[in-house]
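Asks: Chains A, B and C supply the protein sequences, listed in that same order. Note that the working numbering has the first sequence beginning at 1479, numbered continuously upward. Note that the working numbering has the second sequence beginning at 1423, numbered continuously upward. Note that the working numbering has the third sequence beginning at 5, numbered continuously upward. Ideal Cβ positions, reconstructed from N, Cα and C, are used throughout, including at glycine.
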Amino acid sequence: MGKNVQGRRDFMGMALGGFTALGGLGALYAMKRSWDPLPSVKAAGFTTIDLSAAQENVLNIEKWRGKPIFVLKKSKDMKPDDRDIVIGEDRYHVSIGLCTHLGCIPAYLPDKRKFLCACHGGEFDTSGHQIFGPPPSPLEIPPFKIEGTKLVLGEAGPEFQKMLDAGLTV
Amino acid sequence: MRELKILAVVVFFTLVTYWGVEPFAHSQMHKHVEGHGFTYNGTADTKEAEAGVVKAKESGSKEAEAQAKLEAKKVFWADVEKIAQLQGNAANGEAAFATCLGCHNGSGVNMGGVIPPNLDHAGALYDKNYLIALIKDPAMASNVDHKYEDTMTHPMGSIKTMVTDDQQIADIVAYMQEKMAGEVTSKQAFDEACARCHAMRYAKTTQLGDTPTFKYEKDALAHKIKVIEEQEMVKAYMGKLPPDLSIMVRARSEHFMETFVENPQAQLPGTSMPRVGLSHEGYEKVKAYLEEVGDPSKPAREAIGPWVLLFFVVFTVLAYLWKKSQWKDLH
Amino acid sequence: MAKFEKANSVNEWLDQRLAVETLKRVLSTEYWIPKDINFLWAMGMVLAATFGVLLISGIFLLMYYKPDANLAFDSVNYVIMSEVGYGWLWRHIHGVGASVVFLIIYIHMFTGIYYGSYKKGRELIWLSGMLLFVAFSAEAFSGYMLPWGQMSYWAGMVITNLFSGGSLEAYGLVEWIRGDYVPGDAFLTRFFMLHVLLIPLVIIGLIVLHFGTLRIPHVNNQEGAEIDFEEAAELYKAGKKKESKVIPFNPVFLSKDVFVMGVYFILFFYLVFYHFNFAMDPVNFDPADGLMTPAHIYPEWYFLWSYEILRPFPKDPGLIAFGIAQAALFFLPFIDRSPNVAPAHKRGLFFVWFWVLIVDMIVLTVLGKLPPEGIFNTLGTVAAVIFLLMGPALIVITKFEKKL
Ligand code: HEM
Ligand code: FES
Chain A
1479 MGKNVQGRRD
1489 FMGMALGGFT
1499 ALGGLGALYA
1509 MKRSWDPLPS
1519 VKAAGFTTID
1529 LSAAQENVLN
1539 IEKWRGKPIF
1549 VLKKSKDMKP
1559 DDRDIVIGED
1569 RYHVSIGLCT
1579 HLGCIPAYLP
1589 DKRKFLCACH
1599 GGEFDTSGHQ
1609 IFGPPPSPLE
1619 IPPFKIEGTK
1629 LVLGEAGPEF
1639 QKMLDAGLTV
Chain B
1423 MRELKILAVV
1433 VFFTLVTYWG
1443 VEPFAHSQMH
1453 KHVEGHGFTY
1463 NGTADTKEAE
1473 AGVVKAKESG
1483 SKEAEAQAKL
1493 EAKKVFWADV
1503 EKIAQLQGNA
1513 ANGEAAFATC
1523 LGCHNGSGVN
1533 MGGVIPPNLD
1543 HAGALYDKNY
1553 LIALIKDPAM
1563 ASNVDHKYED
1573 TMTHPMGSIK
1583 TMVTDDQQIA
1593 DIVAYMQEKM
1603 AGEVTSKQAF
1613 DEACARCHAM
1623 RYAKTTQLGD
1633 TPTFKYEKDA
1643 LAHKIKVIEE
1653 QEMVKAYMGK
1663 LPPDLSIMVR
1673 ARSEHFMETF
1683 VENPQAQLPG
1693 TSMPRVGLSH
1703 EGYEKVKAYL
1713 EEVGDPSKPA
1723 REAIGPWVLL
1733 FFVVFTVLAY
1743 LWKKSQWKDL
1753 H
Chain C
5 MAKFEKANSV
15 NEWLDQRLAV
25 ETLKRVLSTE
35 YWIPKDINFL
45 WAMGMVLAAT
55 FGVLLISGIF
65 LLMYYKPDAN
75 LAFDSVNYVI
85 MSEVGYGWLW
95 RHIHGVGASV
105 VFLIIYIHMF
115 TGIYYGSYKK
125 GRELIWLSGM
135 LLFVAFSAEA
145 FSGYMLPWGQ
155 MSYWAGMVIT
165 NLFSGGSLEA
175 YGLVEWIRGD
185 YVPGDAFLTR
195 FFMLHVLLIP
205 LVIIGLIVLH
215 FGTLRIPHVN
225 NQEGAEIDFE
235 EAAELYKAGK
245 KKESKVIPFN
255 PVFLSKDVFV
265 MGVYFILFFY
275 LVFYHFNFAM
285 DPVNFDPADG
295 LMTPAHIYPE
305 WYFLWSYEIL
315 RPFPKDPGLI
325 AFGIAQAALF
335 FLPFIDRSPN
345 VAPAHKRGLF
355 FVWFWVLIVD
365 MIVLTVLGKL
375 PPEGIFNTLG
385 TVAAVIFLLM
395 GPALIVITKF
405 EKKL
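Structure follows, in structure tokens:
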């Protein structure tokens, strides 16, 4: 008899435990959702920048989703690249200004026409390709959409989609 | 059995306490105000004026004034009733409506204290009788005539000299009800009926409408100053800045909101908030917006609630079975 | 160092180092509870569970709450209520939990009084319980400040003013508590600290103490019978469960606790989803305004009875009466002069005393929320005086109580 009771008890206790765990999962889901970025943070993920006033070989730094954005209008002597954003005659290099090694902000050296990251010596050319040091990949290009001479960052336009598909950025 | 008896005692005392601190306490703290289903025929106004007469008699001062006021209200609402019987002609009304467009043109410029409301959906939002009354005498219609010595001094008071013909009033109202009565969203309803006085910061709107996003702080501050200037004008006119309505639906009971909007004087005697004259449907729209912004979790609560309760019911049944199996050999 | 054998299982490994088997025996499988108890004995575990629920929901509120007089209101009412995923759920759980926990505390306390569970060796259970009551009150009050609505502000104003001590006019003390002339930013941040750190720590400590005080005297039972726990436990372990007067906490007593918790949580979540307004006062959805007192201010329901003892009297006597009311229940084990540990219905006049106390406290509670006018005022005074007389009455009644 004792054995029997033991078996039954275990069964009911386990059924209850299992069912409680199910509820626990539900609670965990709610908790996970509470950790998600807020809608206002996501909505603030769009920034419009105006390229018309940019000057050649002068780096402009804008802010998008809290990150620095490099905007460099290319001069004629800089090598054109598939990663350039082309508006009319003009070519722009636009990228997220965080080194792909460990996330420092590289400095632009206008004379040398390259970016130098002070943290571990990484270097990038004016198209954002890594040319020296530890960075493993080119500077990332933020999702963008061209609207006249303006760029909407955060929205993926066809030009960006093409770059993405060609594997020019991640 | 004994446990059930104990439970009954516990439940009884809990409920008595609950009844005392909630329904009973609230019934004692808040006076009861009868609603009128968003119809406007002056019943409430004449009742208030009658109470004024009684009060004047008791205190023995200004009795004649109180009596005159009662008479004025009676005559006014009888006139409104008469105009309501007239057959309005929308085409004629359209021409006459040009008079209104002088101010109600959506330019968002403050005139005499407040920005005149946009009337795009006036026919859908406001009650017919109310519109008639408003054109006839704005201060009387909004039940704020106590604020004006001569109701002509109301910002829209001059309408009394511009539209004097009863038929014309009926025409204008007919026009609004036919042509300015398209589909209204709840936000439009709120914007047109309330937003020129009440900000709603959780929806990012102020007396000047939706707040744009600015890239530069300077522009944001410049806009803020414009808002403050507008608010100062409203405040000067109203005596107090009308409160932000972001979560007003949670700060006041449903009954209060309804009866207050229908006739502000009923809940806050002497308040400068005008009766806005929403029809029942108009009010439902406004209320929907207040809830959307002020109580946005309502749909989620209603969706999840039953599942959570079901979970605990099953949990309790399982727990009961477990308990039974545990206690089987004990007695 | 002690010698360790190779362990054959995780359990054994832990047991060697932490004595988990002994711990488990002492704390659960051989922690003996009388068999003759009813669901009221589950209230302790219901309280522990509610505290857990408050803790978890509080953690999620804490992630977005901003303790700043300018930001607090919107961080709660906008960010948490409309932006954070399920933020509203944590807030409603926390608000309802804070209110309902007091209902259970009161039931738990009155159970102790009814069955005489504060006597003869159980005094510390009662005293630690009273300390928990005080700590929970402080926790509830400090938490009520945080949304920084009208009720927060004016409750903060009124309650801190109590510390001026009437004619003592200790306004310096009041300002010191507030860190300002009025409740302001400094006040809000320090009450935030109290609410999320200091008082919860104290509560956790007190819960451990409270559980500790139960260990030796064991919990009481429906008849107040004295039980030889060792003997009864042997009987149980020998398989004579029917004959034994005790059951192990785990799993037998626990299974009943869990069932009661289930019933409780049905009610709890019904309130969370469909009926939360009683616990989240509408007036507190108006932002704090130091230049306008709301038409009616009153404490949350669980403080009403003591508030009502303060109210009908002039300032000084009112404060003294209030002080006595706060402290009186602490002394219960010492002013109950009867040695009988028995349910109230077997203790003659004590039974009457018990129900008068309950009714009187409910009357005080109800009146505490009503405007202090006319008949309510008179009734309030009578009820307050009766409350103050309950202590002396108990001494007399129990002095002459027949020994059972
Ligand atoms: C949140 C706070 C509290 C927790 C978590 C708690 C927990 C518990 C637990 C688990 C028990 C054992 C089971 C039971 O009899 O219910 C218990 C017993 C007891 N508690 Fe509490 N308690 C709390 C507050 C209080 C308060 C405020 C008082 C009274 C002032 C109190 C007085 C007692 C007494 C007298 C007993 C012994 C009951 C008996 O022996 O029959 N407790 N408590
Ligand atoms: S972070 Fe730039 S080189 Fe390491």
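Give the DSSP-derived three-state secondary structure of Tyr90 (chain C) in the structure shown.
Replies: Walking along the third sequence from the start, residue 90 (chain C) turns up at place 86. Looking at Tyr90 (chain C) - three-state DSSP - the assignment turns out to be coil, as it is neither helix nor strand.
Asks: Say whether the segment 1430-1445 of chain B touches the segment 1630-1646 of chain A, bearing in mind that this needs 3 or more beta-carbon pairs closer than 8 Å, one atom from each stretch.
Replies: They do not touch, by the three-pair rule.
Asks: In angstroms with no decimal places, state the Cα-to-Cα distance between Ile401 (chain C) and Thr1738 (chain B).
Replies: Looking up residue 401 (chain C) in the third sequence gives position 397. Looking up residue 1738 (chain B) in the second sequence gives position 316. Near 42 Å, if we compare the C-alpha coordinates of Thr1738 (chain B) and Ile401 (chain C).
Asks: Name the residue from A:Glu1625, A:Phe1593, A:Gly1599 whose alpha carbon lies nearest to the alpha carbon of Leu1617 (chain A).
Replies: As a working note, residue 1617 (chain A) is residue 139 in the first sequence. The shortest Cα separation from Leu1617 (chain A) among A:Glu1625, A:Phe1593, A:Gly1599 belongs to A:Phe1593.
Asks: Quick check on Tyr90 (chain C) - is its C-beta less than 8 Å from some C-beta in chain A?
Replies: Translated into positions along the third sequence, residue 90 (chain C) becomes position 86. True, the Cβ-Cβ gap to chain A drops below 8 Å.
Asks: How close, in whole Å, do the beta carbons of His96 (chain C) and Ser146 (chain C) come, if the pair is a contact with beta carbons under 8 Å?
Replies: Residue mapping note: residue 96 (chain C) aligns to position 92 of the third sequence, counting from 1. Residue mapping note: residue 146 (chain C) aligns to position 142 of the third sequence, counting from 1. About 19 Å separates the two Cβ atoms, so there is no contact after all.
Asks: Name the chain B residues whose beta carbon is nearer than 8 Å to that of Thr1498 (chain A)?
Replies: Residue mapping note: residue 1498 (chain A) aligns to position 20 of the first sequence, counting from 1. Within chain B, the residues near Thr1498 (chain A) are Phe1737.
Asks: Just to confirm, does Pro1616 (chain A) get its C-beta within under 7 Å of one of the non-hydrogen atoms of the ligand FES?
Replies: Position 138 of the first sequence, counted from the start, is the residue given in the question as residue 1616 (chain A). Checking every heavy atom of the ligand FES against the Cβ of Pro1616 (chain A), none is found closer than 7 Å.
Asks: Around the Cβ of Trp1744 (chain B), are there at least 16 other Cβ atoms within 10 angstroms (buried) or fewer (exposed)?
Replies: Within the second sequence, residue 1744 (chain B) is the residue found at index 322, counting from 1. With 16 or more Cβ atoms within 10 Å of its Cβ, Trp1744 (chain B) is classed as buried.
Asks: Can you find the residues in the same chain that come closer than 7 Å, C-beta to C-beta, to Arg1486 (chain A), ignoring five residues on each side of it along the sequence?
Replies: Locating residue 1486 (chain A) in the first sequence gives position 8, where the first residue counts as 1. Only weak support is given to the placement of Arg1486 (chain A): the predicted model assigns it a pLDDT of 49, under 50, and the value that follows is read from those uncertain coordinates. No residues qualify anywhere along the chain.
Asks: For Leu1494 (chain A) and chain B, any beta-carbon pair shorter than 8 Å?
Replies: In the first sequence, residue 1494 (chain A) corresponds to position 16, counting from 1. Yes, contact with chain B.
Asks: Three-state secondary structure (DSSP) at Lys1495 (chain B)?
Replies: Position 73 of the second sequence holds residue 1495 (chain B). Looking at Lys1495 (chain B) - three-state DSSP - the assignment turns out to be helix.
Asks: In this structure, what does DSSP give as the bridge partners for Arg1569 (chain A)?
Replies: Your numbering for residue 1569 (chain A) matches position 91 in the first sequence. Bridge partners of Arg1569 (chain A): A:Val1564.
Asks: Does DSSP put Thr1627 (chain B) in a helix, a strand or coil?
Replies: What you label residue 1627 (chain B) is simply residue 205 of the second sequence in a count that begins at 1. Of the three classes helix, strand and coil, the one that applies to Thr1627 (chain B) here is strand, per DSSP.
Asks: Taking only three categories from DSSP, how would you classify Trp1542 (chain A)?
Replies: Taking the first sequence and counting its residues from 1, one reaches residue 1542 (chain A) at position 64. If DSSP states are grouped into helix, strand and coil, Trp1542 (chain A) belongs with the strands.
Asks: What are the boundary residues of the beta strand (DSSP E) that includes Thr1610 (chain A)?
Replies: The residue labelled residue 1610 (chain A) in the question sits at position 132 within the first sequence. Strictly speaking, residue 1610 (chain A) in this sequence is Phe, with Thr absent from that position. Start and end: 1608-1610.
Asks: How many angstroms separate the CA atom of Met85 (chain C) from the CA atom of Asp1514 (chain A)?
Replies: In the third sequence, residue 85 (chain C) corresponds to position 81, counting from 1. In the first sequence, residue 1514 (chain A) corresponds to position 36, counting from 1. About 15 Å.
Asks: List the residues of chain C that Tyr1742 (chain B) touches, going by C-beta distances under 7 Å, in chain order.
Replies: Counting from one through the second sequence, the residue named residue 1742 (chain B) turns up at place 320. Correct list: Phe263.
Asks: Report yes or no: is there a C-beta of chain B within less than 8 Å of the C-beta of Val287 (chain C)?
Replies: By one-based count along the third sequence, residue 287 (chain C) stands at place 283. True, the Cβ-Cβ gap to chain B drops below 8 Å.
Asks: Under the criterion of a Cβ to heavy atom distance below 7 Å, does Pro1613 (chain A) qualify as lining the ligand FES?
Replies: Residue 1613 (chain A) sits at position 135 when you count from the first residue of the first sequence. Yes; taking the cut-off as 7 Å, the Cβ of Pro1613 (chain A) has a heavy atom of the ligand FES nearer than that.
Asks: So which of C:Pro316, C:Ala299, C:Ser342, C:Ile399 has the shortest CA-CA distance to Gly378 (chain C)?
Replies: On the third sequence, residue 378 (chain C) is found 374 positions in, with the first residue counted as 1. Of the listed residues, the one whose Cα sits closest to Gly378 (chain C) is C:Pro316.
Asks: Which of the three DSSP states is assigned to Trp152 (chain C) in this structure?
Replies: Start at 1 with the first residue of the third sequence, and residue 152 (chain C) comes out as number 148. If DSSP states are grouped into helix, strand and coil, Trp152 (chain C) belongs with coil.
Asks: Should Phe1734 (chain B) go down as buried or exposed, given a rule of 16 or more other Cβ atoms within 10 Å for buried?
Replies: Residue mapping note: residue 1734 (chain B) aligns to position 312 of the second sequence, counting from 1. Phe1734 (chain B) is buried by the Cβ-count criterion.
Asks: Can you give the beta carbon distance from Gly372 (chain C) to Glu304 (chain C), rounded, assuming they're within the 8 Å contact cut?
Replies: Position 368 of the third sequence holds residue 372 (chain C). Position 300 of the third sequence holds residue 304 (chain C). Not quite, the Cβ-Cβ distance comes to about 10 Å (not below 8 Å), so this is no contact.
Asks: Please report the distance separating the alpha-carbon of Cys1616 (chain B) from that of Pro1664 (chain B).
Replies: If you number the second sequence from 1, residue 1616 (chain B) lands on position 194. If you number the second sequence from 1, residue 1664 (chain B) lands on position 242. Computed Cα separation, rounded: 10 Å.
Asks: Would you say the beta carbon of Leu1606 (chain A) is closer than 7 Å to some non-hydrogen atom of the ligand FES?
Replies: Position 128 of the first sequence, counted from the start, is the residue given in the question as residue 1606 (chain A). One detail in the question is off: residue 1606 (chain A) reads as Gly in this sequence, not Leu. No, the Cβ of Gly1606 (chain A) stays beyond 7 Å of every heavy atom of the ligand FES.
Asks: Buried or exposed for Arg126 (chain C), please, with buried defined as at least 16 other CB atoms from any protein chain shown within 10 angstroms of its CB.
Replies: Residue numbering aside, residue 126 (chain C) sits at position 122 when the third sequence is read from its first letter. It counts as buried.
Asks: When the distance is taken between beta carbons, is Tyr69 (chain C) closer than 8 Å to Val80 (chain C)?
Replies: As a first step, residue 80 (chain C) is located in the third sequence; it is residue number 76 there, counting from the start. As a first step, residue 69 (chain C) is located in the third sequence; it is residue number 65 there, counting from the start. Yes, the pair counts as a contact, with Cβ atoms nearer than the cut-off.
Asks: Could you spell out where the alpha helix (DSSP H) holding Ala1421 (chain A) opens and where it closes?
Replies: The displayed coordinates of chain A run from 1479 to 1648. Any statement about residue 1421 (chain A) would go beyond what the structure contains.
Asks: For the ligand FES, is there a heavy atom less than 7 Å away from the beta-carbon of Gly1575 (chain A)?
Replies: Translated into the one-based positions of the first sequence, residue 1575 (chain A) becomes position 97. Not so, every heavy atom of the ligand FES lies at least 7 Å from the Cβ.
Asks: What is the residue span of the alpha helix (DSSP H) that Pro396 (chain C) lies within?
Replies: What you label residue 396 (chain C) is simply residue 392 of the third sequence in a count that begins at 1. 378-403 is the extent of the alpha helix (DSSP H) around Pro396 (chain C).
Asks: In this structure, how does DSSP classify Thr1636 (chain A) when only helix, strand and coil are distinguished?
Replies: Counting from one through the first sequence, the residue named residue 1636 (chain A) turns up at place 158. The sequence shown places Pro at residue 1636 (chain A), not Thr. Residue state, collapsed to three classes: helix.
Asks: Can you give the Cα-Cα distance for Arg1424 (chain B) and Lys260 (chain C), rounded to whole angstroms?
Replies: For the purposes of this step, residue 1424 (chain B) is identified with residue 2 of the second sequence, where counting begins at 1. For the purposes of this step, residue 260 (chain C) is identified with residue 256 of the third sequence, where counting begins at 1. Approximately 16 Å, taken between the alpha carbons.
Asks: Nearest chain B C-beta to Leu333 (chain C) closer than 8 Å, yes or no?
Replies: As a first step, residue 333 (chain C) is located in the third sequence; it is residue number 329 there, counting from the start. Not an interface residue.
Asks: Expressed to the nearest angstrom, what Euclidean distance is found between the alpha-carbon atoms of Ile301 (chain C) and Leu201 (chain C)?
Replies: On the third sequence, position 297 is the one that residue 301 (chain C) refers to. On the third sequence, position 197 is the one that residue 201 (chain C) refers to. Each residue's alpha carbon lies about 28 Å from the other.
Asks: If contact means a Cβ-Cβ distance below 7 Å, which residues of the segment 1722-1737 of chain B contact chain A?
Replies: Against chain A - using a Cβ distance shorter than 7 Å - the residues of the segment 1722-1737 of chain B are Phe1733, Val1736, Phe1737.
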